[in-house]
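Quick note: the sequence shown uses the working numbering, first residue -19, plus one each step.
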Amino acid sequence: MEAKFYDLNDLVRADCHDCHGCSSCCRGMGDSILLDPYDAYQFQIEGQPVPALLESGAAALTVWEGMILPHLQMNVTTQACSFLSTDGRCGIHDHRPGMCRLFPLGRNFSDGKMNYFLLEQACKNKSRSKIKVCKWLGIEPAEKYHGFVLEWHDFRREMVHILAEGEEEQAKQLNLYLLRTFFLTPYDTNNDFFTQFAQRTARIRAAFRE
Ligand code: SF4
Ligand code: SF4
-19 MEAKFYDLND
-9 LVRADCHDCH
1 GCSSCCRGMG
11 DSILLDPYDA
21 YQFQIEGQPV
31 PALLESGAAA
41 LTVWEGMILP
51 HLQMNVTTQA
61 CSFLSTDGRC
71 GIHDHRPGMC
81 RLFPLGRNFS
91 DGKMNYFLLE
101 QACKNKSRSK
111 IKVCKWLGIE
121 PAEKYHGFVL
131 EWHDFRREMV
141 HILAEGEEEQ
151 AKQLNLYLLR
161 TFFLTPYDTN
171 NDFFTQFAQR
181 TARIRAAFRE
């Protein structure tokens, strides 16, 4: 069966009604909950910037196609995310990462565009209701956030290509520079995230044009 794709304003059967006490996708996720710069900004608002997450073990670094990226770390003993409370709720719900907001949807990138698909079997709740994709993600302005995710995807692809071509030491230096630029250097949380992200990517692309 062909996958069905959804745009931001389409209705999709993803609404699992506040999860009803289920916390299945907050456990045993390995290193799959990758963080992006928007998540870094949100964690900073939450008072837990990425360096603090790395220090506490709530997050760790992984290598994704040659690029170093932070991800949420599952507890070694319980295999639960550090932000999952004892009553099975997300302790940072308003600022939770984009990957957590997305589930049970996935993102599809094709021809310079992005849309969404439903991971039909992944969510334990089988009586989900229909909801608009943008409402499910719950980030405003939805179009700007959508544009950011697409841009971050394209930017990562560019960097992965450059990293693959460079010498080992050059690749290591670039990786550390990217990590510092997007995850370790604080954002100004009184100002628009999307503008700051655009400035950071423009700075790096300019450096490669020189
Ligand atoms: S941040 Fe919240 S929603 Fe995401 S895995 Fe952790 S507890 Fe679950
Ligand atoms: S599996 Fe579905 S119902 Fe369970 S926590 Fe994840 S999104 Fe919610």
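Virtual Cβ for every residue (Gly too), placed ideally from N, Cα, C.
Pick out every residue whose C-beta is nearer than 6 Å to a heavy atom of ligand 3: which are they, in chain order? Here the bound small molecules are ligand 1 and ligand 2; ligand 3 is not part of this structure.
Please state if the CB of phenylalanine 89 and the CB of histidine 133 are separated by a distance shorter than 8 Å. yes
Look at serine 196 and glutamine 53 and say whether their C-beta atoms are less than 8 Å apart. Given a span of -19 to 190 for the chain in the structure shown, any question on residue 196 remains unanswerable.
Report the partner residues of glycine 86 according to the DSSP bridge assignment. DSSP lists Phe97 as partners of glycine 86.
Under 7 Å from any heavy atom of ligand 1, does the C-beta of proline 217 make it? Residue 217 cannot be examined here, being either before or after the span of the chain that is shown, -19 to 190.
Closer than 7 Å to a non-hydrogen atom of ligand 1 - does that hold for the CB of phenylalanine 63? Under cutoff, so the answer is yes.
Considering only DSSP beta bridges, list what lysine 124 is partnered with. In DSSP, lysine 124 forms no bridge with anything.
Give the range of the beta strand (DSSP E) segment to which valine 113 is assigned. Element bounds for valine 113: not the beta strand (DSSP E) but the alpha helix (DSSP H), 113 to 117.
Should isoleucine 119 be counted as a contact of ligand 1 given a C-beta to heavy atom distance under 7 Å? Isoleucine 119: no, Cβ never under 7 Å from ligand 1.
Tyrosine 96 and arginine 108 - do their beta-carbons sit closer together than 8 Å? no
Under three-state DSSP, which class holds serine 36? helix
With leucine 52 as the anchor, note down where its beta strand (DSSP E) starts and where it stops. 47 to 52
Do proline 77 and alanine 102 have their CB atoms nearer than 8 Å? no
Quick check: is any heavy atom of ligand 1 less than 7 Å from the C-beta of proline 77? yes
Rounded C-beta distance between phenylalanine 162 and lysine 124? I'm assuming under 8 Å. Contact flag wrong, Cβ pair sits at about 17 Å.
Would glutamine 179 pass as a contact of aspartate 168 if the rule is Cβ separation under 8 Å? no
Among Gln22, Trp44, Asp74, which one has its Cα closest to the Cα of arginine 136? Trp44
Distance between leucine 14 and methionine 79 (C-alpha atoms, nearest Å): 7 Å
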